[in-house]
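Numbering of the sequence shown is given in full-length UniProt numbering, commencing with residue 1 and proceeding in unit increments.
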Amino acid sequence: MDARIDPAAAFGIGLGDAHVIRNAGGSGRDALRSILISEQLLGTHEIVLIKHTGCGMLTFTNEDAHVLVQKNLGPEAATEIATLDFLAFPDLDQAVRDDVLFFKKHSAIPDDVTYSGPCAAWAYKSLDLRHAKRVFVLGPSHTFYLRGCALTTFERFATPFGDFEIDADTLAELRATGKFSDIPRHNDVREHSLEMHLPYIWKVLERTVGNNRTWPTLVPIMVGDGDGSAEKDYGEMLLPYLEDPQNAFVVSSDFCHWGRNFQFWQYCPGADFTQIRSLSPRGGSRPGPSEPPIHEFIRTLDEAAFKIIETGVQADFVRYLRLTDNTICGRHPISVIMAALELLATKTTTIAAAGGKGQKKFAFVKYDRSELASSTSDSSVSYASAYSGRPNPFDDRNGEGDGGYGGSARAPPQATFGQGPRPGGGAGSRYNQTPSMGRDDYGGGNVEMASLAQNAGSFAASGDPNAILNECRSIDRGIDQIDQNLNQLRMLQDRSLNEADSSGSSTSKQLDALASDTMALYRQLTERVRQVKSQREAQQPKNAPQVGRVDRRLKQAIQSYQQVESAFRKKTQDQMARQYRIVRPDASESEVRAIVEDTAAGSQMFQQAMMQSDRRGQARAVLSAVQDRHAALQKIEQQMVELAQLFQDMDTLIVQQEVNVMQIEQKAEEAVVNIDKGNEEIAVAVTTARKTRKKKWICLGICVIIVVVYVLINKQGSSKKRSIGGRALDFANDRSVAHVYELANAVARTSLSGRYVINTDFTKDDTAS
Numbered sequence: 001m002d003a004r005i006d007p008a009a010a011f012g013i014g015l016g017d018a019h020v021i022r023n024a025g026g027s028g029r030d031a032l033r034s035i036l037i038s039e040q041l042l043g044t045h046e047i048v049l050i051k052h053t054g055c056g057m058l059t060f061t062n063e064d065a066h067v068l069v070q071k072n073l074g075p076e077a078a079t080e081i082a083t084l085d086f087l088a089f090p091d092l093d094q095a096v097r098d099d100v101l102f103f104k105k106h107s108a109i110p111d112d113v114t115y116s117g118p119c120a121a122w123a124y125k126s127l128d129l130r131h132a133k134r135v136f137v138l139g140p141s142h143t144f145y146l147r148g149c150a151l152t153t154f155e156r157f158a159t160p161f162g163d164f165e166i167d168a169d170t171l172a173e174l175r176a177t178g179k180f181s182d183i184p185r186h187n188d189v190r191e192h193s194l195e196m197h198l199p200y201i202w203k204v205l206e207r208t209v210g211n212n213r214t215w216p217t218l219v220p221i222m223v224g225d226g227d228g229s230a231e232k233d234y235g236e237m238l239l240p241y242l243e244d245p246q247n248a249f250v251v252s253s254d255f256c257h258w259g260r261n262f263q264f265w266q267y268c269p270g271a272d273f274t275q276i277r278s279l280s281p282r283g284g285s286r287p288g289p290s291e292p293p294i295h296e297f298i299r300t301l302d303e304a305a306f307k308i309i310e311t312g313v314q315a316d317f318v319r320y321l322r323l324t325d326n327t328i329c330g331r332h333p334i335s336v337i338m339a340a341l342e343l344l345a346t347k348t349t350t351i352a353a354a355g356g357k358g359q360k361k362f363a364f365v366k367y368d369r370s371e372l373a374s375s376t377s378d379s380s381v382s383y384a385s386a387y388s389g390r391p392n393p394f395d396d397r398n399g400e401g402d403g404g405y406g407g408s409a410r411a412p413p414q415a416t417f418g419q420g421p422r423p424g425g426g427a428g429s430r431y432n433q434t435p436s437m438g439r440d441d442y443g444g445g446n447v448e449m450a451s452l453a454q455n456a457g458s459f460a461a462s463g464d465p466n467a468i469l470n471e472c473r474s475i476d477r478g479i480d481q482i483d484q485n486l487n488q489l490r491m492l493q494d495r496s497l498n499e500a501d502s503s504g505s506s507t508s509k510q511l512d513a514l515a516s517d518t519m520a521l522y523r524q525l526t527e528r529v530r531q532v533k534s535q536r537e538a539q540q541p542k543n544a545p546q547v548g549r550v551d552r553r554l555k556q557a558i559q560s561y562q563q564v565e566s567a568f569r570k571k572t573q574d575q576m577a578r579q580y581r582i583v584r585p586d587a588s589e590s591e592v593r594a595i596v597e598d599t600a601a602g603s604q605m606f607q608q609a610m611m612q613s614d615r616r617g618q619a620r621a622v623l624s625a626v627q628d629r630h631a632a633l634q635k636i637e638q639q640m641v642e643l644a645q646l647f648q649d650m651d652t653l654i655v656q657q658e659v660n661v662m663q664i665e666q667k668a669e670e671a672v673v674n675i676d677k678g679n680e681e682i683a684v685a686v687t688t689a690r691k692t693r694k695k696k697w698i699c700l701g702i703c704v705i706i707v708v709v710y711v712l713i714n715k716q717g718s719s720k721k722r723s724i725g726g727r728a729l730d731f732a733n734d735r736s737v738a739h740v741y742e743l744a745n746a747v748a749r750t751s752l753s754g755r756y757v758i759n760t761d762f763t764k765d766d767t768a769s
């Protein structure tokens, strides 16, 4: 790395995230010794080569340097360094290629060190931009937590080769929807997911178009956290642009981030992702002897994602992420573009049915991993390259290309997935065609590594039973990022105190940017904790301990920031007092206090001191420094007030949530009482129903008996009338009449509660005719 580049400011690299090797001129060969120490003794695995576009090594040759040494140091010195190579590079592009080739071919650099660039180049080889007017670049956020999508506020993006113009009109159209926020400028500068694609786009255009005056403009879009439904909405917003054949889309993403650098140790021996377990991160644990190695699981996990992306069903991709929690950094941009392509396919299917042409799906053309992980001590990042649409006619990897805009489509340049070189040697296997379906916030400090299920506004709607736990894990990692920020803040604060003039210095700018980022992260995490605690599921036994833990961690992190700012404030005030005493050694304590606490009174006192001092130049410098310190103190005071408010909000959340919990418990108790009463009433109702049915059967029996008696009486009477030929008889001594009399009285005695009235006034003297 060039000695003038600040990696923390330029690339968002936190303290301890990377081993930074600096050398004059940034030559890879000159840095070989340090690289070997870093890899063999410090355990690093990936190499990032950075050269400066304004490097002084571009201004001279090796011969020029030797002539200069002989001229300035004499012939003896020139003789001693006669064989020294100054490693100058007159061509920056060629110097980068030479260093990368040097690393790849050197026997001391392990073969399993794999770079993402060649993998990405496969997709760019498939891309035809000859007729493109705009290039949309979608990427995730690595530097701050973002919900929804955000747009750049810059007018152009710079590359080592030249500048790209930003399409202001298209950005204005997107902003008019009210669904896009602005990317904070300091985050936009540090974000690599969008910037890293610009050199590829430049080279594709340079090769196929030539004159950069007719090149397309850029539409950079940062895609943050959101659930599948929100991403579908953004896909629908981008659909009109996707339908325009003059627009091209680039999506930035790596795939599985596995290992200690990302706090992700998931593993299962096959493709049944419901059986995924987490390996122990301690002691470099490995799978069982009969189980596949870790890197094979990573391949299986990634290939399942490729299969779903190729089908183009966005809902399946969301379910896959919820099941596997695969740490795909660009899963949100991928989900958005899949939703847009799915909507486009619906339209083009109708067009195809009418004789038009349908939309081609994604084709994966290259896959690689940075390392073949074998234990939990290793770390691995997966790279994949895919394209959708018609390939580049200038793609010469497999012979002459054809197609392009308006041309006929041809097969992908790598029809059999995985046949390219594999990390560590060996031939690739055919792309896994077996369907594997199922389930934000990766580790490290990358806030973009958050599960789709973490969407705090839709825990219940997500259907994920672990949504609360996933969100707690995501918040945990956000707090880890805060801890890293606080460490950097302490370092930058100490550095700023040692600067004679901090106004406009790079340290001051870094300090302001980092403080703003940290405060924004505090606000975001506080809101996310509030949303988590507002969910009823947060009080469940499996969730409550984790919710309480992240709540306590966040409050502790707020207190830590207060302590850091308070300590810096004290040091700044002490320094202001010392600086004033330089100009006014006999100053009283009240004067010093006025200087420190009141900038207006302090300025007046400085003016008086300058008039009385013979060191006016020094006094002016001290006054400027004190004013800068006072401005810093005012900002610290504002942040302290906001931190105190955040802390109070956290306590208020607890009180409010306790009221909600008490109401929930009260309603639950009332529900239990009502259910018990309902059960009692049901028991009574069942008993009553049974008795009622029994009485109905009794009544029915009585009715039947009455009918039978009536029929028998009429039948007996008719028989007697026919036998006597109509002659009046005395029935007093007739036995049949006596039997009927007894039967009628028996029936009367069995009548039910007087419900049926039967005439029982029979006597033996009664007669019938």
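A virtual CB, placed ideally from N, CA and C, is assigned to each residue, including glycine.
For clarity, every value in this text was computed on a predicted model and none was experimentally measured.
Environment of residue i [buried if 16+ CB atoms lie within 10 Å]
i    : result
A31  : buried
G54  : exposed
H131 : exposed
Q94  : exposed
D378 : buried
Chain-order list of residues whose beta-carbon lies under 6 Å from that of residue i (same chain, five-residue window excluded)
i    : result
L279 : W265, Y267, S285 and T376
I109 : F103
A18  : none
V48  : none
V219 : R134, F136, D167 and T170
T159 : L198, P199 and W202
T79  : none
Y234 : C149 and V336
Pick from the options that is closest to residue i, judged by C-alpha positions
i    : options                   : result
K232 : L205, F144 and A340       : A340
T311 : S388, P333 and Q246       : S388
A305 : Y383, A373 and M222       : Y383
H142 : R477, S229 and F154       : R477
S27  : W215, T44, F89 and V135   : F89
I221 : C329, T153, H295 and K677 : T153
H332 : D551, V313, V223 and V641 : V223
P184 : C149, Q540, T688 and N498 : C149
Y367 : L700, M576, G117 and N261 : G117
A174 : Q716, K677 and E236       : At residue 174 the sequence reads Leu, which differs from the Ala that was named. Minimum Cα distance to L174 is reached at E236.
S508 : Q524, R490 and Y522       : R490
E565 : D494, K361, G228 and F362 : D494
P140 : D188, S126 and F157       : D188
L492 : T687, V209, M57 and L511  : L511
E471 : G226, L42 and L41         : G226
V313 : L68, I334, N62 and A78    : I334
R322 : E296, S385 and N466       : N466
F262 : L521, C329 and L497       : C329
T177 : G43, F164, L151 and G162  : L151
Supposed contact pair residue j and residue i - C-beta distance, whole angstroms, cut 8 Å
i    : j    : result
V365 : L138 : That belief does not hold up - the Cβ atoms of V365 and L138 are roughly 19 Å apart, past 8 Å.
L194 : S107 : The Cβ separation is near 36 Å, so there is no contact.
R29  : L87  : 6 Å
K533 : V547 : 6 Å
T526 : L554 : 7 Å
A557 : I479 : 5 Å
beta-carbon residue i near the ligand ADP non-hydrogen atom, thresh 7 Å
i    : result
S534 : Absence of the ligand ADP from the depicted structure is noted, as is the absence of any ligand whatsoever, leaving it without description.
Cutoff 8 Å: residue i Cβ touching any chain D Cβ
i    : result
I337 : Looking for chain D here will not work: only one protein chain is present.
7 Å CB neighbourhood of residue i in its chain, flanking five on each side removed
i    : result
P292 : P269
L301 : C256, T324 and N326
L344 : L239, L242, E243 and Q359
Contact set for residue i: own chain, Cβ-Cβ below 8 Å, skip 5 residues either direction
i   : result
A96 : A small fix is needed here, since residue 96 is Val in this sequence, not Ala. Result list for V96: L49 and K51, in chain order.
Where are the alpha helix (DSSP H) runs, 4 residues long or more, that stay fully inside the stretch 10 to 94, in chain order?
-> 32 to 41, 62 to 73 and 75 to 80
Whole runs of the beta strand (DSSP E) within the stretch 125 to 174, excluding any shorter than 3 residues | 134 to 140, 149 to 151, 156 to 158 and 163 to 165
Entirely within the stretch 544 to 598 and at least 4 residues each: give me those alpha helix (DSSP H) ranges in chain order.
-> 544 to 583 and 589 to 597
Enumerate, from N- to C-terminal direction, the unbroken beta strand (DSSP E) stretches of 3 or more residues contained entirely within the stretch 231 to 255.
-> 247 to 251
Considering only residues of the stretch 256 to 321, which uninterrupted alpha helix (DSSP H) runs meet the minimum length of 4 residues and lie entirely inside it, listed in chain order?
-> 294 to 311
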